[in-house]
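Let me begin by presenting the structure, written as structure tokens, before commenting on it.
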Amino acid sequence: MRWLLLCHALCLSLLKASAHTVELNNMFGQIQSPGYPDSYPSDSEVTWNITVPEGFRIKLYFMHFNLESSYLCEYDYVKVETEEQVLATFCGRETTDTEQTPGQEVVFSPGSFMSITFRSDFSNEERFTGFDAHYMAVDVDECTEREDEELSCDHYCHNYIGGYYCSCRFGYLLHTDNRTCRVECSDNLFTQRTGVITSPDFPNPYPKSSECFYTIELEEGFMVSLQFEDIFDIEDHPEVPCPYDYIKIKADPKVWGPFCGERAPEPISTQSHSVQILFRSDNSGENRGWRLSYRATGNECPDLQPPVHGKIEPLQAKYSFKDQVLISCDTGYKVLKDNVEMDTFQIECLKDGTWSNKIPTCKKTEMDEENELGSEQETE
Ligand SMILES: [Ca+2]
Ligand SMILES: [Ca+2]
Ligand SMILES: [Ca+2]
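Take 555 as the starting number for the sequence shown in my numbering and just add one per residue.
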């Protein structure tokens with residue numbers, strides 16, 4: 555029992571002495587089996603951990619390789635791995651069905667870390683000279699290798715040794731994520747009675763990482779209604795309502811939306827003269843966006859009858875807020891308003907749906923009255 559305990563302690567310390575780890579942080583270097591180019595000792599284990607800066611990966615290859623061969627490399631081996639996966643296991647002198655030697659093979663790490671372990675078992679059937687390997691940091695070409703849309707450049711990618719950067723097409727700005735291209739679209743003011751508003755670049759996919767504001771601002775008394783077109787495509791989610799991109803419409807205190815998906819919202823009658831539209835996009839996805847037309851209408855005023863011996867211009871079936879009408883009289887007549895004679899008189903349809911004034915009358919001018927009298931006398 556005593557001996558056993560002693561052996562246990564002794565064997566452990568022996569094992570510890572023969573197994574050790576070497577940390578390597580250089581951009582290149584050489585790794586050799588213990589005692590190289592002499593034969594390597596039995597019961598030996600060495601691990602080399604190579605770390606290179608971010609943006610690089612490690613290239614490893616062998617100039618010499620001579621290890622004891624065994625079924626599936628059970629005895630002696632060189633194992634190349636990362637934290638997560640075994641990249642290669644080598645042993646022997648020649649590649650067979652169950653043993654692989656590196657030969658001309660080059661091993662690349664997917665990331666900036668690689669671990670190489672050499673192990674020999676308790677015996678060697680003959681003399682083996684081990685291995686001589688070299689490693690170096692090589693650039694990762696992020697532009698051709700990044701297949702994940704969440705990580706790749708939105709527009710243009712530029713690779714350089716040790717890193718990469720993104721740039722955008724003309725008219726776009728690189729977002730602070732240094733990857734997606736946004737547009738400046740926060741300052742759009744519409745003051746006409748009708749108009750068309752679209753997402754940026756419509757019907758091409760709208761820019762990512764953008765926040766667009768559109769304001770329709772008309773005089774009080776107008777009421778804006780919105781109508782979306784059939785092409786409507788805003789990134790959505792099958793369960794969560796509009797978590798990525800959306801359009802929202804606001805006319806204090808009412809809010810419509812957020813809207814997303816592929817079905818255009820129903821027409822919206824805001825009942826307001828001031829409408830704000832917010833459109834937001836996140837950093838991924840390709841969707842076509844939206845297009846809407848708006849129209850501002852006011853209250854309608856009652857029908858108008860032209861005065862006797864007079865006319866109104868323009869003559870319309872209906873008049874609404876802000877429409878103006880000019881009243882004039884036939885030749886020989888004058889417009890009479892509040893006992894004042896004038897050539898024309900203008901009235902306007904007000905926001906409450908009433909006319910600014912009553913229709914004036916047309917009065918025969920005095921000169922004409924005299925003339926008429928005179929002519930009557932002449933004919934007598
Ligand atoms: Ca061996
Ligand atoms: Ca690079
Ligand atoms: Ca999106």
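No residue lacks a Cβ here, since even glycine has one placed at the ideal position from N, Cα and C.
Cβ separation of residue i and residue j, assumed to be a contact under 8 angstroms, to the nearest whole Å
{"i": "ILE612", "j": "SER663", "result": "4 angstroms"}
{"i": "ASP897", "j": "SER910", "result": "Contact flag wrong, Cβ pair sits at about 18 angstroms."}
Contact set for residue i: own chain, Cβ-Cβ below 7 angstroms, skip 5 residues either direction
{"i": "TYR625", "result": "THR652"}
{"i": "ILE715", "result": "ASP693"}
{"i": "THR745", "result": "GLU771 and LEU772"}
{"i": "SER721", "result": "HIS709, TYR710, HIS712 and LEU728"}
{"i": "THR908", "result": "CYS855"}
Separation of residue j from residue i, as counted between CA atoms
{"i": "TYR684", "j": "ASN620", "result": "Residue identity differs from the one stated: residue 684 is Gly in this sequence, not Tyr. Straight-line Cα distance between these residues: approximately 5 angstroms."}
{"i": "GLN859", "j": "THR885", "result": "19 angstroms"}
{"i": "VAL634", "j": "THR671", "result": "7 angstroms"}
{"i": "THR769", "j": "VAL829", "result": "6 angstroms"}
{"i": "PRO607", "j": "CYS814", "result": "43 angstroms"}
{"i": "TYR594", "j": "SER587", "result": "6 angstroms"}
{"i": "VAL894", "j": "GLU902", "result": "19 angstroms"}
{"i": "GLU840", "j": "ASP799", "result": "11 angstroms"}
{"i": "VAL576", "j": "TYR718", "result": "31 angstroms"}
{"i": "ILE803", "j": "ILE604", "result": "56 angstroms"}
{"i": "LEU780", "j": "VAL862", "result": "42 angstroms"}
{"i": "GLU820", "j": "PHE782", "result": "7 angstroms"}
{"i": "GLY646", "j": "GLU638", "result": "25 angstroms"}
{"i": "ARG817", "j": "PHE786", "result": "6 angstroms"}
{"i": "LEU869", "j": "LEU880", "result": "10 angstroms"}
{"i": "ILE585", "j": "ASP702", "result": "34 angstroms"}
{"i": "GLU793", "j": "PRO812", "result": "15 angstroms"}
{"i": "LEU743", "j": "THR752", "result": "13 angstroms"}
Opposing strand residues paired with residue i [DSSP bridges]
{"i": "LEU909", "result": "Here the sequence assigns Trp to residue 909, which means Leu is not the residue at that position. BP columns for TRP909 point to CYS903."}
{"i": "MET668", "result": "ILE604"}
{"i": "ALA687", "result": "ILE585 and PHE616"}
{"i": "LYS633", "result": "THR643 and THR671"}
{"i": "LYS808", "result": "ALA805"}
{"i": "PHE610", "result": "ASP693"}
{"i": "ALA850", "result": "VAL778"}
{"i": "GLY864", "result": "CYS883"}
{"i": "ASN713", "result": "TYR718"}
{"i": "ASP787", "result": "GLY843"}
{"i": "VAL794", "result": "Paired residues: none, contrary to the question."}
{"i": "CYS855", "result": "TYR873"}
N-terminal and C-terminal residue of the alpha helix (DSSP H) that residue i is part of
{"i": "GLU699", "result": "696-699"}
Chain-order list of residues whose beta-carbon lies under 8 angstroms from that of residue i (same chain, five-residue window excluded)
{"i": "GLU679", "result": "GLU622"}
{"i": "MET777", "result": "SER823, THR824, GLN825, SER826, HIS827, ALA850, THR851 and GLY852"}
Same chain only: Cβ atoms within 6 angstroms of residue i, ignoring 5 sequence neighbours per side
{"i": "SER763", "result": "HIS729, THR734, ARG736 and ASN837"}
{"i": "TYR629", "result": "GLU622 and ASP675"}
{"i": "GLU930", "result": "Any answer about GLU930 is weak, because its pLDDT of 46 lies below 50 and its placement is not dependable; what the coordinates show is given next. Excluding positions up to five away in sequence, the list is empty."}
{"i": "SER847", "result": "VAL750 and GLN781"}
{"i": "MET581", "result": "ALA691"}
Bounding residues of the beta strand (DSSP E) (the contiguous stretch that carries residue i)
{"i": "ASN888", "result": "Per the sequence shown, the amino acid found at residue 888 is Lys instead of Asn. It spans 887-891 - the beta strand (DSSP E) in which LYS888 sits, taken as one unbroken run."}
{"i": "LEU832", "result": "828-834"}
{"i": "HIS574", "result": "573-578"}
{"i": "GLY749", "result": "748-752"}
{"i": "ILE770", "result": "765-771"}
{"i": "GLU895", "result": "894-896"}
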